[in-house]
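**Q**
Residue numbers (this note's numbering), protein chains in the order written: chain A, 2 to 496; chain B, 16 to 442.
1) In the DSSP assignment, the beta strand (DSSP E) including residue 231 of chain A goes from what residue to what residue?
2) Between the alpha carbons of residue 33 of chain A and residue 196 of chain B, how many angstroms are there, rounded?
3) Report yes or no: do three or more beta-carbon pairs, one from the stretch 342-361 of chain B and one from the stretch 304-313 of chain B, lie closer than 8 Å?
4) Spell out whether any CB of chain A is found under 8 Å from the CB atom of residue 38 of chain B.
5) Is it the case that the stretch 374-394 of chain B contacts the stretch 405-418 of chain B, given that we only count it when at least three CB pairs across the two stretches are under 8 Å?
6) Grouping DSSP H, G and I as helix and E and B as strand, with all else coil, what is residue 357 of chain B?
7) Do you know whose CA, among B:259, B:333, B:353 and B:334, lies nearest residue 316 of chain B's CA?
8) In terms of alpha-carbon separation, which member of B:107, B:235, B:218 and B:251 lies closest to residue 100 of chain B?
9) Taking 8 Å as the threshold, find out whether the stretch 428-442 of chain B comes into contact with the stretch 75-92 of chain B through three or more Cβ pairs.
10) Use the C-beta contact count for residue 308 of chain A: other C-beta atoms within 10 angstroms, 16 or more gives buried, fewer gives exposed.
11) In terms of residue numbering, what span does the beta strand (DSSP E) encompassing residue 324 of chain A cover?
12) Mark residue 54 of chain B as exposed unless 16 or more other C-beta atoms lie within 10 angstroms of its C-beta, in which case mark it buried.
13) Of all the options A:413, A:126 and A:204, which has the alpha carbon lying nearest to the alpha carbon of residue 150 of chain A?
14) Could one say the Cβ of residue 223 of chain B lies closer than 8 Å to chain A's Cβ atoms, at least one of them?
15) Exposed or buried, residue 11 of chain A, counting other C-beta atoms within 10 Å across all chains shown (16 or more means buried)?
16) Which whole runs of the beta strand (DSSP E) in the stretch 15-94 of chain A are 3 residues long or more, in chain order?
17) Considering only DSSP beta bridges, list what residue 234 of chain B is partnered with.
18) Is the stretch 391-408 of chain A in contact with the stretch 313-332 of chain A, if contact means three or more CB pairs nearer than 8 Å?
19) Nearest to residue 359 of chain A by alpha carbon, out of A:421, A:378 and A:435?
20) Check whether the Cβ atoms of residue 284 of chain B and residue 295 of chain B lie closer than 8 Å to each other.
21) Contact criterion: CB-CB distance below 8 Å. Does residue 287 of chain B meet it with respect to chain A?
22) Using a Cβ-Cβ distance cut-off of 8 Å, determine whether residue 298 of chain A contacts chain B.
23) How far does the alpha helix (DSSP H) with residue 103 of chain B in it reach, from first residue to last?
24) Within 8 Å (strictly less), CB to CB, does residue 195 of chain A reach chain B?
25) Determine which residues of the stretch 340-358 of chain A have a Cβ less than 8 Å from any Cβ of chain B, and write them out in chain order.
26) Counting only beta-carbon atoms, is residue 141 of chain A nearer than 8 Å to chain B?
27) Taking only beta-carbon atoms, is residue 290 of chain A less than 8 Å away from chain B?
28) Along chain B, in chain order, which residues have C-beta atoms closer than 8 Å to that of residue 198 of chain A?
29) When the Cα of residue 385 of chain A is compared with those of A:250, A:175 and A:284, which residue comes out closest?
30) Any C-beta of chain A sitting closer than 8 Å to the C-beta of residue 344 of chain B?
31) Identify every residue that forms a DSSP beta bridge with residue 123 of chain A.
32) Any idea what DSSP makes of residue 114 of chain A, helix, strand or coil?
33) Once the 5 residues before and after residue 318 of chain A are set aside, which same chain residues still bring their CB inside 6 Å of it?
34) Look up residue 461 of chain A in the DSSP assignment and say whether it is helix, strand or coil.
35) Going by other Cβ atoms of all chains shown within 10 Å of its Cβ, with 16 needed for buried, is residue 182 of chain A buried or exposed?
36) Since residue 129 of chain B sits in a beta bridge, which residues does DSSP pair it with?
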C-alpha cells in the first residue's frame, strides 16, 4: 500500500514539534519515545504499521483546537484516532503526521431522559453508552461487534453499523449532534438535542468521513427504550440459494427483524467447533433471525417466520425459548471471527454490500475465486441488508499468500460493485479499499467528493492517504473551465 | 416553441427586460427552460456559467414559498425527470427520478404494501400550492412527518443519487443498497439543500413495509408541560409509540376532538393488530383517563397533524420550530407572554408549529426563545404578509457556520448558478 511520500522537512523538525506540542497540552500528553509511539503504530488492520511522528493526547476541546491550529499553521499532517479498532486502516499513522488520540475524552457528560439522548465525549466506548442508561431501561442501538472497545467518536468517523442496523440504522441514523474541531482550530456545534436543523447537513456528511473533515470532540446520541422481548430462530438450509431467497420472503411478508444473519458451511463448522452453540453441522447455510418488541408481537411474528422457513424447505429450525438459548444462538455467530482464526493462521475480513437477491450468484462467484486463488473463504453475512463479510483464510508466513488473499478480496469487492453493490458496508474505505474506489466511482465522482474535502481542509492535512486513491490539489479541483463563446444549448425549447 | 429557442442568448436577455414591465405571466413564460435529463441540464448550466447567470430549479413548484425569495435569470424545470426506474419491495429499495410526483410514488409503494417511513407531509394547504409536489422537492427540503420522531427524516432514507453540480459536471454518490459507507455520505448533504448544490435526477430510497394497523391514544393533560412529561414517560415504557403530538384544546377541536378544558397528548401505536391492542391496553391501564381512537379516525387525525391542516385557516405567519422536546413548554411560555399565537406540537414536543403576527418581531422573539432554551432551528413556512423582507426565513447561521456553508456551496457550485440565495443570503 503506497502512502503519500512523507515530508522529510517535517520529520527533521520532530523534536521541535514535540516541544511546541508540550506547550499546548500537558507535557505527559505528548508521546515522543519510540516505545510509546509503537503502541499507536496500527489500528485493527494490523497488516499495516507505521510509527507516527508524535502522539498527542489532548484533554480538553481547547487543546484539540490548539493542536489543530498549530499543525495547520505549520503545515503538519494530523491523523485522528479513537480506540484504534478500525478494520480499514482509518487510523493508520503517517511518518510525518501528528497522531491525535482521543483516549482521554472518556466521560459521559449528560444523560437526558426527558429528551431521550446521551451527550458523551468521543473516547467513550460504544457499549458504555448502553451501560450508562440500561438500568433505566434504555440502550444505544448501533452495536458494531467491537462495541466493547470502539469509541463513539470513531463510530461517527466510520458511520459504524452492527447486526441490528436493518431495523435500527447505522450511527448516522442515531446521532443528534456533534461538536467538531476543524483543521484550522475552529470549534463548531452541529445539531444538538433537537432533530432537524434547516442548514446543510454537515453532521450527516461528517458521519462516515473517516477523519478527513475534522475531529469530533463531543457527540449527542439518541437512546431508545429497550425492547420488552427478544427471541431468535436458528434455521439450517441445505443450499444457500434457498437461504438467500427466504430472507427476501420474510421482508416481503412485511416483517423487519431486528437482525438477520447468515453463515455458510465453513463458518458454521468453525463456529460450532469454537462455541458449541448447537449449529447444524451438515447445513450449507444457517440463518439467525432475531425479532424484538412487545412479547405478544414477537411471539406472533416468530410463528409467522417459522412458517415461512418451513415452506422454504428449511432442513432444521430451532426457536429460542429463553434468554440463555437466544444468547447461545448468537454465541457462534459472535465468535465467528476468532473461530475462523483457529482454523487458519491468518484471515482477511472483507466488507462489501450487494443487493440481497444477488447472494446466490455471489456464493457461486466466491467458490470459483476460492479455487482460482487456492485459498479458503468462510462467509458471514448481515443477510438482511446484503452486507457480506467473507473471511479469506491464508498464512502470512507463506511467501505470496498475503498478496493472494488481498487480490482475492479485491476480486470479491469488484464482484460486489458489478452486481450493483458497493465496496464497503460498514468498515470504511480507509487505506484498505482506497485503491479500489475507482471501481465504484468515476474520477468525476471522486473529484466532487474531494472538493467537499477542500471546503473543510484545503491543504489536505487531515488524514491524507485515506479513502481517495489520488490526492488532487484543491486549487486544481476548484478550477472551472467555462466554454467561452459556446452557445448555451440553443436547441432546447424554452417555454 | 418559444422565440427564445431560436435567438441569441444576449438578445433574449434584452428582450426579457423589455417584457418584464408588462406582465409577470410573460416573464415566466420566457424564462422557463424545460430539460429532460442531466445532459440537458449540463448544457443549460454551462450556458449559465458562461453568462454568469443565476438559475432557479423547480419541478411542480409546490414548495416555492419555502426559503428566501431569490431572483433568478432563468428557471430550469425538471418536471420531466419523472418515473419509477426500479422497485424491489423485497429489497426495500426504490429507484426513481426526482421529478416523480408524490402521488405516483405513494401509489407505487402502496401496490406492495410499503411506504416511505419518514411520512411525507403534504403542506399544500398552508403553502397555497396544488399538491405534495415531487419526491425531489421532498428530499431537497428534507420534509418529514410525524414518524420522523422514531423512524428518521427524509435524509435517513436517501441511499444514493445521480446529479449534476453547479459546475455542470455529473456525479453520483451513495448506492442502491441499504448499507454503504463508501466515500462521503453526500445523500445527507443534498437532502435539505434546497437545490443549491446540485440538481439530482435518479434517486434511490429505502422503503419499509406499511404497518398493518394504527390506533391513537389521547391523554388529557393540564398543559403543554404536563403533556411533554406524559409523553416522555410513555417513551420510557417498552410500548413502542411511533409518533407523539400535543394539541391544545382549540386546535384539537379543529381536528374534531372534543376534550373539555385540556391539552391533549396523542400517542400513535402501529404494527400488527395483536401487538397494537396489547400495547394500547397496557398504556390505558397505566393512564386511566386515556381514550383510544381506532384506525380510521387515527389515520385522519395524523394526516391533519402531518399536513398542518389544523393551522391552515389561522391568520398570520406560520413558523416551524425544531427544538429539544423538553424545551417546548419554556419556548411557548415565553412567546405567549408577548404574542397572541396558536400552536401545536409534534415529535413529542420537538417540532412546534406556530401561527403568530406577520413581521420581523414574532420571528425574532421566536429565535431568541429558542436560543435561550437549548437552541434549535426556526423557519418561516408561510409568510402571510411581507415578513421575508424583514426576517430571514431560515435560521441565520453563526459566522463560522456561514463561512463553512459558503465553502461547501462553492465546492459544488462555485459560480452560484443553482438556486443562489434560496436558503441564505450569499449561499
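No residue lacks a Cβ here, since even glycine has one placed at the ideal position from N, Cα and C.
**A** Working from what's here:
1) For residue 231 of chain A, the enclosing beta strand (DSSP E) starts and ends at 230-238.
2) Answer to the nearest angstrom: the Cα atoms are 34 Å apart.
3) Because the criterion of three Cβ pairs below 8 Å is not met, the stretch 342-361 of chain B and the stretch 304-313 of chain B do not touch.
4) Its pLDDT being 33, under 50, residue 38 of chain B is placed unreliably by the model, and the measurement read from it follows with that caveat. With 8 Å as the cut-off, residue 38 of chain B does not count as an interface residue toward chain A.
5) The stretch 405-418 of chain B is in contact with the stretch 374-394 of chain B.
6) Looking at residue 357 of chain B - three-state DSSP - the assignment turns out to be strand.
7) When each option's Cα is compared against that of residue 316 of chain B, the closest is B:259.
8) Check the Cα spacing between residue 100 of chain B and each of B:107, B:235, B:218 and B:251: the tightest is with B:218.
9) The stretch 428-442 of chain B is in contact with the stretch 75-92 of chain B.
10) By the neighbour-count criterion, in which 16 or more other beta carbons inside 10 Å mark a residue as buried, residue 308 of chain A falls on the exposed side.
11) DSSP places residue 324 of chain A in no beta strand (DSSP E) but in the uninterrupted alpha helix (DSSP H) bounded by 324-335.
12) Looking at its Cβ environment, which holds fewer than 16 other Cβ atoms inside 10 Å, residue 54 of chain B is exposed.
13) Among A:413, A:126 and A:204, the Cα nearest to that of residue 150 of chain A is on A:126.
14) Nearest CB-CB separation between residue 223 of chain B and chain A: below the 8 Å threshold.
15) Flag for residue 11 of chain A reads buried.
16) Every beta strand (DSSP E) of 3 residues or more that sits fully in the stretch 15-94 of chain A is shown, in chain order, as 55-57 and 78-82.
17) Among the bridge pairs identified by DSSP, residue 234 of chain B is matched with B:280.
18) Proximity of the stretch 391-408 of chain A to the stretch 313-332 of chain A falls short of the contact definition, fewer than three beta-carbon pairs being nearer than 8 Å.
19) Residue A:421 is the option with its Cα nearest to residue 359 of chain A.
20) Yes, the Cβ-Cβ distance between residue 284 of chain B and residue 295 of chain B is below 8 Å.
21) Residue contact check for residue 287 of chain B against chain A: a CB pair falls below 8 Å.
22) By this cut-off, residue 298 of chain A is an interface position.
23) Careful: residue 103 of chain B lies outside any alpha helix (DSSP H), inside the beta strand (DSSP E) at 99-103.
24) Yes, its Cβ sits closer than 8 Å to a Cβ of chain B.
25) Residues of the stretch 340-358 of chain A with a C-beta less than 8 Å from any C-beta of chain B: 354, 355, 356, 357 and 358, listed in chain order.
26) Answer no: the Cβ-Cβ gap between residue 141 of chain A and chain B never drops below 8 Å.
27) Against chain B, the CB of residue 290 of chain A has no partner CB under 8 Å away; the residue lies outside that interface.
28) Per Cβ cutoff of 8 Å: 337, 391, 392 and 410.
29) Between residue 385 of chain A and the set A:250, A:175 and A:284, the nearest pair of CA atoms involves A:250.
30) Not one beta carbon of chain A lies nearer than 8 Å to the beta carbon of residue 344 of chain B.
31) According to DSSP, residue 123 of chain A shares a beta bridge with no other residue.
32) If DSSP states are grouped into helix, strand and coil, residue 114 of chain A belongs with coil.
33) Answer for residue 318 of chain A: 236 and 310, listed in chain order.
34) Of the three classes helix, strand and coil, the one that applies to residue 461 of chain A here is coil, per DSSP.
35) Result: buried.
36) According to DSSP, residue 129 of chain B bridges with B:224.
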